[in-house]
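Taken in sequence, the protein lines are chains H and B.
My numbering numbers the first residue of the first sequence as 1 and each following residue consecutively.
My numbering numbers the first residue of the second sequence as 1 and each following residue consecutively.
C-beta: ideal position from N, C-alpha, C; glycine also.
Remember, predicted model here, so these are calculated numbers, not experimental data.
The block underneath contains the structure these notes are about, expressed in structure tokens.
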Amino acid sequence: MGATEPLLIFHDLTKVYRVGDEEVHALAGVSLDIQEGEYLAVMGPSGSGKSTLMNILGCLDSPTGGRYRLKGREIARLSDDELASIRNKEIGFVFQTFNLLPRSDALHNVELPLIYAGMGPKERKERAAEALATVGLSDRMRHRPNELSGGQRQRVAIARALVNRPSIILADEPTGNLDTKTGNEILAAFEAIYEQGKTVIMVTHEEDVASHAHRVVRLRDGKVESDRAQEARRIEGIAAGSAIGRIREAGD
Amino acid sequence: MEFSESVRMALGALRANKLRSFLTLLGTIVGVTAVIAIISLIQGMNAYVSDKLLAQGANVFTVDKFGFILSDDDFRDALKRKDITLGDAEAIAGLSRSAGAVKAEVERGDDVRFGSTRLRRIPIKGVQGDYAEVDRTELAEGRHLTANDMARRRAVAVIGYEVWENLFDGRTANGHEIRIGDVKYLVVGVAEKKGSAFGQSQDNFVIVPLAAWQKAYGTRNSISISVTSIDQASFESAQEEARAILRARRGVAPGKPDDFGIVTAEMFMDLYRNFTSAAFVVLVGVAGISLVVGGIVIMNIMMVSVTERTREIGIRKALGAKRRDVLMQFLVEAATLSLTGGAIGVLLGIALALLVAAVSPLPAAVSWIAIVLGLGMSTGIGLLFGIYPAARAARLDPIVALRFE
């Protein structure tokens, strides 16, 4: 990786959907650089293009035009399987609806990225158990999602996002389905991940959630409306030895 | 992704839907059960038939007036032929170089009595020549009929094991007189037990010298001549020599067909094989149809499964599953599903074949080929009918799949 090049570069990114005879410009030329170790929130009203941006950023979708470089690699025109490989290695997803496999226990859910990375069963189980320990769920490894609370489910999802040591943690409304207290725990976990030096990109429509990021990018009508660094609000009142502490320790 | 992981996931998915999996598999189970049962029974019958037909030995042929008759017309024509005589048998024994043992035999049913016990319609065989050698008759007791018995037209008899059991009730028979029809015979031997073939006892007979038989029942009966060749290699030439001798004696003009028949066990085997191979094809074909129906059911349920698990597929793709990972997962699942059905079918098929063998005279032979065929066919069908649903799953767009409710 080049020392000067940002982790991620969007240059004049466009995405056009066809709906019947009409062309919809979900992204109308977005340019953005993201450095390694940033904690960034992407905001915008619905229809602003933030979901499309997130899909392209997460390598789930390809742009219609423009360039997307990740870790010095041009990936706007990669095949489906090449994108799958990048998602596996570089991106850790955290979704609003958790997206855990309902019939698998927490451990197996966390193992999934390692399975597709081709890791052997023994090493994989160890790594997954470690990742679950960092989010404080060592005693819940054999529980299925329906036996876990919302906050616990999202922590399993965070462990899954971290387990293959990706460059970017990409969170889509990660607190959307959680109450405020549980949501704060999850945000504390992201803070800890950020402090560990990882890049966190969070898509949200809540100002309160975005206030924890160090940079906020606002989209409107498929374009960047504003892009500002900010003083991040720290999470208060999370007991020591909780999610933050453990993730911090794991990073050392 | 490793194969074992795919199998593990497949088994997990099957366990999660036990009843549905079972119902899905019913077609495959029935198909494989039928295939295994049919193959086992037919192979069992093959082994049984060849064992029984060749019990006499592979190098025995029989000459008689009728030969191998397959139609009523042939039978009516054969009725007009000249009888085969004792002289014909003696000519073969005397003139054929390739002939080993020669037996002349004539048979009819008659009542047999000893004391107050009467057995009805027992086959009474009049024999001359090397009957013990040709028929491979062993003795449980006493002696065989001798050339002397035959030449002197002695009223002596060797009785079958079942006749002995029924008449003498476990006591020795040697030296006792029995009555066949109105004639008294001295029992000199008891044949060893042979068991049954095709549901008929092979131990229900009485053997007497042919001349004595003719004295009782007359000489106007066509006899049959059974001949062994001196070795396996001269089996064909022994038949040709017998044919030439008989044609000459019976004055058959060159170019005309034989007015007698030559029959070998191999002919019965051929007839039997023709019959069973036709039945085999039909039965396996029917079972095959049920396997194909089973395959379509599997395809249907895999389509349902792919739709139900669209979100799971989306999650897996988001986490880095490639197309072939997803394809493999669903193919393995379909194959595991149908292989499970195949395995159940194999067990049921074996059980069914053994059950039929237990309650009917049909024997069963379970062969590895049948089992491998059953498992292979079911797995193959799972793979074949699993391709389309699996390919659909693999092609799903992760964004659409993740949003699927």
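DSSP bridge partner residues for residue i (one or two, in chain order)
{"i": "Phe10/H", "result": "Leu32/H, Tyr68/H"}
{"i": "Gln96/H", "result": "Note: Gln96/H sits in no beta bridge, so no partner."}
{"i": "Gln128/B", "result": "Ala104/B"}
{"i": "Ala229/H", "result": "Arg215/H"}
{"i": "Ala157/B", "result": "Val187/B"}
{"i": "Ala61/B", "result": "Going by the sequence as given, residue 61/B is Phe instead of Ala. Partner(s): Val227/B, Thr264/B."}
{"i": "Phe114/B", "result": "Thr117/B"}
{"i": "Gly386/B", "result": "Its beta-bridge partners do not exist; DSSP assigns none."}
{"i": "Tyr17/H", "result": "Val24/H"}
{"i": "Glu141/B", "result": "Val190/B"}
{"i": "Arg73/H", "result": "Leu70/H"}
{"i": "Gly109/B", "result": "Pro123/B"}
{"i": "Lys223/H", "result": "Arg220/H"}
{"i": "Gln200/B", "result": "Ala197/B"}
{"i": "Asp172/H", "result": "Val203/H"}
{"i": "Val206/B", "result": "Ile124/B, Ile159/B"}
{"i": "Ala99/B", "result": "Ser229/B"}
Terminal residues of the alpha helix (DSSP H) in which residue i lies
{"i": "Gly12/B", "result": "3-16"}
{"i": "Arg324/B", "result": "323-359"}
{"i": "Ser210/H", "result": "Sequence inspection shows Ala at residue 210/H; the Ser mentioned does not correspond to that position. Run containing Ala210/H: 207-210, per the alpha helix (DSSP H) assignment."}
{"i": "Val203/H", "result": "Run containing Val203/H: none in the alpha helix (DSSP H); it sits in the beta strand (DSSP E), 199-203."}
{"i": "Glu90/B", "result": "86-95"}
{"i": "Pro398/B", "result": "398-403"}
{"i": "Gly183/H", "result": "180-195"}
{"i": "Glu240/B", "result": "235-250"}
{"i": "Ile56/H", "result": "50-57"}
{"i": "Lys215/B", "result": "210-217"}
{"i": "Asp149/B", "result": "147-151"}
Cβ-Cβ separation, residue j to residue i (assumed contact under 8 angstroms), whole Å
{"i": "Ile245/B", "j": "Ala104/B", "result": "With 8 angstroms as the limit, Ile245/B and Ala104/B do not qualify as a contact, their Cβ atoms being about 14 angstroms apart."}
{"i": "Phe260/B", "j": "Lys65/B", "result": "6 angstroms"}
{"i": "Phe95/H", "j": "Asp179/H", "result": "Actually they are not in contact, since the Cβ atoms of Phe95/H and Asp179/H sit about 18 angstroms apart, beyond 8 angstroms."}
{"i": "Thr310/B", "j": "Phe404/B", "result": "4 angstroms"}
{"i": "Ala173/B", "j": "Val190/B", "result": "6 angstroms"}
{"i": "His144/B", "j": "Val158/B", "result": "6 angstroms"}
{"i": "Ile38/B", "j": "Ala287/B", "result": "6 angstroms"}
{"i": "Ile235/H", "j": "Ala161/H", "result": "The pair is not a contact, with the Cβ atoms about 19 angstroms apart (cut-off 8 angstroms)."}
{"i": "Leu362/B", "j": "Gly44/B", "result": "7 angstroms"}
{"i": "Ser119/B", "j": "Val127/B", "result": "First, the amino acid is wrong: residue 119/B is Leu here, not Ser. Not a contact, Cβ separation roughly 20 angstroms."}
{"i": "Leu8/H", "j": "Pro63/H", "result": "Rounded, the Cβ-Cβ distance is 13 angstroms, inconsistent with contact."}
{"i": "Thr134/H", "j": "Ile169/H", "result": "Rounded, the Cβ-Cβ distance is 13 angstroms, inconsistent with contact."}
{"i": "Val263/B", "j": "Gly67/B", "result": "6 angstroms"}
{"i": "Gln202/B", "j": "Lys194/B", "result": "4 angstroms"}
{"i": "Lys18/B", "j": "Ala197/B", "result": "Contact flag wrong, Cβ pair sits at about 48 angstroms."}
{"i": "Ile186/H", "j": "Leu57/H", "result": "Not a contact, Cβ separation roughly 20 angstroms."}
{"i": "Gly295/B", "j": "Ile381/B", "result": "4 angstroms"}
{"i": "Ile92/B", "j": "Ala99/B", "result": "6 angstroms"}
{"i": "Tyr131/B", "j": "Ala155/B", "result": "Wrong, their Cβ atoms sit about 17 angstroms apart, outside the cutoff."}
Range covered by the beta strand (DSSP E) that runs through residue i
{"i": "Ala41/H", "result": "39-43"}
{"i": "Arg179/B", "result": "177-180"}
{"i": "Leu70/B", "result": "Premise fails: Leu70/B is in no beta strand (DSSP E) and is neither H nor E."}
{"i": "Leu319/B", "result": "Run containing Leu319/B: none; DSSP gives neither H nor E here."}
Contact set between residue i and chain A, taken where Cβ atoms lie within less than 7 angstroms
{"i": "Glu312/B", "result": "This model lacks chain A altogether, as its protein chains are H and B."}
Mind pulling the beta strand (DSSP E) runs of 3 or more residues that sit fully within the region 81-169 of chain H? 91-94
Give the list of continuous beta strand (DSSP E) stretches no shorter than 3 residues that lie fully inside the region 255-286 of chain B. 261-264
Please confirm if the region 274-287 of chain B is in contact with the region 13-25 of chain B, defined as three or more CB-CB distances below 8 angstroms between the two stretches. no
Under 8 angstroms, with one C-beta from each stretch per pair, do the region 326-334 of chain B and the region 382-399 of chain B reach the 3-pair mark? yes
Please determine if the region 311-318 of chain B and the region 362-372 of chain B are in contact, where contact requires at least 3 C-beta pairs separated by less than 8 angstroms. no
Under 8 angstroms: do the region 291-306 of chain B and the region 82-95 of chain B share three or more Cβ pairs, one atom per stretch? no
Counting pairs of Cβ atoms below 8 angstroms between the region 38-51 of chain H and the region 61-79 of chain H, do you hit three or more? no
Would you say the region 146-159 of chain H touches the region 82-91 of chain H, given that touching needs at least three Cβ pairs under 8 angstroms? no
Is it a yes or a no for the region 115-129 of chain B touching the region 204-221 of chain B, going by three-plus beta-carbon pairs under 8 angstroms? yes
The region 343-356 of chain B / the region 30-47 of chain B touching (three or more Cβ pairs under 8 angstroms): yes
Inter-stretch contact at 8 angstroms, needing at least 3 Cβ pairs: the region 183-198 of chain B / the region 217-236 of chain B: no
The region 125-141 of chain H / the region 8-23 of chain B touching (three or more Cβ pairs under 8 angstroms): no
Taking contact to mean 3 or more Cβ pairs, one atom from each stretch, closer than 8 angstroms, check whether the region 48-65 of chain H and the region 13-33 of chain H are in contact. yes
Any 3 or more C-beta pairs closer than 8 angstroms across the region 71-79 of chain B and the region 228-243 of chain B: no
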